[in-house]
């Protein structure tokens with residue numbers, strides 16, 4: 001199957017290629033357990049989402065018998081996702097363009113250092129039972145807004161924890177977007193497209209619902225969000241569903257003709 005149809009539509013915007021393994025309401029994935037501090041839950045989500053993404057990165061980065069990888073300098077001279085091109089900030093705080101596989105390596109090293117930072121992601125947080133003491137509770141959200149405290153404050157996470165999580169998630173999204181725009185056909189031929197869709201769908205639902213990603217962050221994948229909202233994968237009354245263009249989504253899902 002070709003990577004694009006006669007209209008130039010990516011393979012992942014065909015309804016038969018946009019299916020997930022998981023079924024049911026993805027919103028259930030976004031609800032922190034009542035007995036777990038929200039900061040701890042967010043930390044777990046970030047670590048787990050990165051673990052899942054890393055498995056897909058390995059598919060395109062591992063060397064084959066010819067000592068080449070799927071994502072290579074010839075196929076991916078820039079870190080792009082459709083019309084979007086991402087740059088890295090060098091030591092002089094200047095934007096530089098990297099080969100996609102170099103960019104992904106730099107990003108993964110950066111994320112790994114963040115996740116391994118005991119000050120940012122403590123492995124023995126203070127608030128394992130924080131929610132058992134509601135009189136100490138502080139009302140926070142992932143934007144870090146609070147009258148008195150910040151996300152994860154009761155569990156020993158630093159004040160910049162929420163901002164770090166948002167930045168990590170933005171970088172993870174960029175990798176996902178590159179995989180879709182440049183390597184989805186590879187995943188399709190390996191019969192991994194449903195796994196990719198399932199992990200990306202849950203990633204979007206969690207991160208957008210909890211303000212780790214904003215509307216502008218997800219623009220390169222807006223059409224897929226619209227398709228998934230139109231076919232019921234994403235609830236239309238969810239925060240993520242609110243980013244969808246349902247008319248475009250219905251067209252991609254075969255329920256409507258183009259306007």
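Numbering (full-length UniProt numbering), first residue to last: 1 to 259. Glycine included, C-beta positions come from ideal geometry on N, C-alpha and C.
query, result
"CB contact flag (residue 243, residue 225, <7 angstroms)", "yes"
"As assigned by DSSP and simplified to three states, the class of residue 65", "coil"
"Residue 38 classed as buried or exposed, judged by whether at least 16 other C-beta atoms fall within 10 angstroms", "buried"
"The segment 34 to 48 contacting the segment 213 to 222, beta-carbon criterion three pairs below 8 angstroms", "no"
"From 207, 247, 12 and 57, residue whose alpha carbon lies closest to that of residue 169", "207"
"Distance between residue 154 and residue 132 (C-alpha atoms, nearest Å)", "Below a pLDDT of 50, predicted positions are generally treated as unreliable, and residue 132, at 42, falls in that range; no measurement from the model is reported."
"Residue 109 classed as buried or exposed, judged by whether at least 16 other C-beta atoms fall within 10 angstroms", "exposed"
"Per-residue DSSP class, three states only, for residue 96", "strand"
"Whole-angstrom distance between residue 65 and residue 28, CA atom to CA atom", "42 angstroms"
"Collapsed DSSP secondary structure at residue 84 in the structure displayed", "strand"
"Cβ contact check for the segment 114 to 124 and the segment 94 to 103: 3 or more pairs under 8 angstroms", "no"
"Spatially closest choice to residue 175 from 88, 67, 25 and 31, by CA coordinates", "88"
"C-alpha distance - residue 81 paired with residue 150, whole-angstrom precision", "34 angstroms"
"Whole-Å CB distance - residue 192 paired with residue 59, under 8 angstroms assumed", "7 angstroms"
"Assigned exposure category for residue 25 - 16 Cβ within 10 Å defines buried", "exposed"
"Limits of the unbroken alpha helix (DSSP H) element including residue 282", "Residue numbering for the chain in the displayed model covers 1 to 259; residue 282 lies beyond these limits and cannot be assessed."
"Bridge partner(s) assigned by DSSP for residue 79", "86"
"Neighbour-count burial assignment, residue 178, 16 or more Cβ in a 10 Å radius", "buried"
"Contact under 7 angstroms by Cβ, residue 234 with residue 12", "no"
"Cβ distance (whole Å) where residue 76 is taken to contact residue 188 below 8 angstroms", "About 17 angstroms separates the two Cβ atoms, so there is no contact after all."
"8 angstroms CB neighbourhood of residue 106 in its chain, flanking five on each side removed", "88 and 98"
"Simplified DSSP state of residue 240, which is helix, strand or coil", "coil"
"Contacts around residue 157, its chain only, beta-carbon distance under 6 angstroms, and the 5 residues preceding and following it disregarded", "39"
"CA nearest to the CA of residue 202, picked from 19, 8 and 252", "19"
"Coil, strand or helix - residue 149 by DSSP", "coil"
"Own chain, CB closer than 7 angstroms to residue 248, minus 5 neighbours either side, in chain order", "223 and 226"
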